[in-house]
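Participant:
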Amino acid sequence: MSSATKASRIGEELWKTRVDKVNAELVTLTYGTIVAQLCQDYDGNYQEVNKQLEKMGYNIGMRLIEDFLAKSNVGRCANFRETADMISKVGFRIFLNIAPTVTNWTSDNNQFSLIFDENPLADFVELPDDGRAQDELWFSNILCGVLRGALEMVQMQIEAHFVSDVLRGDDTTEMRVSLVRYIEDEMPPDEE
Amino acid sequence: MAVFSLIIINKAGGLVYQREFQPGLRKLSTNDYLVLAGTFHGVHAITRSITPKLPLVATTTNPPIAPTTATTPTPNVTSPSSTSTPTPSSSSSTYTYPNPGIPATGLECLETDKFRLTCFQTLTGTKFLLFTEPTMVNIDVVMKKIYELYADFVMKNPFYQLEMPVRCESFDRNLQGWLRGRT
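Those protein sequences? They're chains A and B, same order as listed.
Following the UniProt record's numbering, the numbering of the first sequence begins with 1 at its first residue and continues without gaps.
Following the UniProt record's numbering, the numbering of the second sequence begins with 1 at its first residue and continues without gaps.
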């Protein structure tokens, strides 16, 4: 059984049996309000807004990973490909009920893309037409931070950023995820 | 009820939580608990590092272990299956764990005539130490539930600071309530 099918099954099972559901509008409106407020607070400095969203996500991810592990009961992934399937088919599934497509692997298996066919955070959203938001704001940037925080807690340093977003008029919403390194945990293996 | 007490150790070896679940159970001093947590953390790491390792057969397929040299991401254009080629220069890479697909764990269980100490380490490095009667069964079920309660009432409490001592009343309440309900 491939790791993708296995992950799909785990995600499906958890979504059905273990997850408390919440009204989607509540999520969309809450998140939308946060982003709009940040845009206001930072006076339309969208780079800073992106950064803040990423930071918020990072803090969420560090906590959320425990819930993910406690619920899913999965062990450590054998490689980064398996990790990608877990993120898409279990993680996104249980927290947002979506399963972004994992694709565009580099040959060293250290970088992949997540293509979001749907994105509950961005329902009903239209970016402000001040001529800059379309080019500068990554509306769902919190997700990049969530992945970074969550994976850091399981000893993976990654870098994640959006490369396209349907909100900006692109054809797809795509996030690029790169493995920087595996963090050697605890004490370094001593000599002899 | 066969569960005596619970200790939670953060990934740095610091004591973050300690509770008894039997009324009147003799307590150690706070300092003793801190020492216990730190010592266990060290012993746990040692037990993992002394896991016997087998010599790596030259023709064996690569164990799915992360390349330890990943700090400098050299552009690797080889086929996907050869990302972790063992380098002969490092002596540690010529040995492998028995059954390399499963990572080595540390101490999981410690038993005397009077009690059993079960350790569960999460993938994030937090350790849950449960003191029970040696005859108690299904400790893994209890452990899993404790982890879930921890994920809910500690990690999801926005005012809990990560890696700091756990002072969450609702965690205490739910934990005690659930353990009491089991008997």
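In this text, a Cβ means the ideal position worked out from N, Cα and C, and glycines have one as well.
Bear in mind the structure is a predicted one, so any value in this text is a computation, not a measurement.
Where DSSP assigns a beta bridge to A/His161, which residues make up the other side?
Facilitator: DSSP lists A/Arg176 as partners of A/His161.
Participant: Quick one: does B/Leu162 have its CB under 9 Å from some CB of chain A?
Facilitator: Chain A contact via Cβ: present.
Participant: Would you mind listing the beta strand (DSSP E) stretches within the stretch 97-122 of chain B that are 3+ residues and don't spill past its ends, in chain order?
Facilitator: Runs found: 109-111 and 116-121.
Participant: Would you please state the rounded distance, in angstroms, between the beta carbons of A/Ala7 and A/Asp85? I believe it to be under 8 Å.
Facilitator: Yes, A/Ala7 and A/Asp85 are in contact; Cβ-Cβ is about 4 Å, under 8 Å.
Participant: Could you work out which residues of chain A lie near B/Thr124, taking near to mean beta carbons separated by less than 9 Å?
Facilitator: Going along chain A in sequence order, the residues near B/Thr124 (Cβ under 9 Å) are Met62, Ile65, Glu66, Leu69, Met153, Val154 and Gln155.
Participant: Taking 9 Å as the cut-off, decide whether the C-beta atoms of A/Ser140 and A/Ala160 are in contact.
Facilitator: No, the Cβ-Cβ distance between A/Ser140 and A/Ala160 is not below 9 Å.
Participant: Under three-state DSSP, which class holds A/Asp43?
Facilitator: Coil at A/Asp43, not helix or strand.
Participant: Can you tell me the Cα-Cα spacing of A/Ala150 and B/Thr132, whole angstroms?
Facilitator: Cα-Cα distance, rounded: 32 Å.
Participant: Under 8 Å, CB to CB, which of the residues in the stretch 14-28 of chain B have a partner in chain A?
Facilitator: Listed in sequence order: no entries.
Participant: With 9 Å as the threshold, decide whether the Cβ of B/Ala37 is near any Cβ in chain A.
Facilitator: Chain A contact via Cβ: absent.
Participant: Which residues in the same chain have their Cβ closer than 6 Å to the Cβ of B/Phe120, if we skip the five residues on either side of it in sequence?
Facilitator: The residues are Phe128 and Met143.
Participant: Give me the Cα-Cα distance between B/Gly42 and B/Met164, rounded to the nearest whole angstrom.
Facilitator: Cα-Cα distance, rounded: 19 Å.
Participant: Any Cβ of chain A within less than 9 Å of the Cβ of B/Asp152?
Facilitator: Yes, contact with chain A.
Participant: For chain A, find out if any of its Cβ atoms is closer than 9 Å to the Cβ of B/Thr51; answer yes or no.
Facilitator: It does not: the Cβ of B/Thr51 has no partner Cβ on chain A nearer than 9 Å.
Participant: Note the first and the last residue of the continuous beta strand (DSSP E) segment covering B/Glu20.
Facilitator: Counting along the chain, the beta strand (DSSP E) containing B/Glu20 begins and ends at Leu15 to Glu20.
Participant: Looking at the structure shown, is B/Thr124 part of a helix, part of a strand, or coil, going by DSSP?
Facilitator: Correct three-state label for B/Thr124: coil.
Participant: Using the C-alpha atoms, what's the distance from B/Thr122 back to A/Ser72?
Facilitator: When rounded, the distance between both Cα atoms is 12 Å.
Participant: Any Cβ of chain A within less than 9 Å of the Cβ of B/Pro75?
Facilitator: Note that B/Pro75 scores a pLDDT of 43, beneath 50, so its modelled location is shaky; the value from the coordinates is reported in the next line. Chain A, which has a Cβ nearer than 9 Å to the Cβ of B/Pro75, makes this yes.
Participant: Return no unless some Cβ of chain B is closer than 9 Å to the Cβ of A/Asn104.
Facilitator: Not one chain B Cβ lies under 9 Å of A/Asn104.
Participant: So for A/Leu137, helix, strand or coil by DSSP?
Facilitator: Of the three classes helix, strand and coil, the one that applies to A/Leu137 here is coil, per DSSP.
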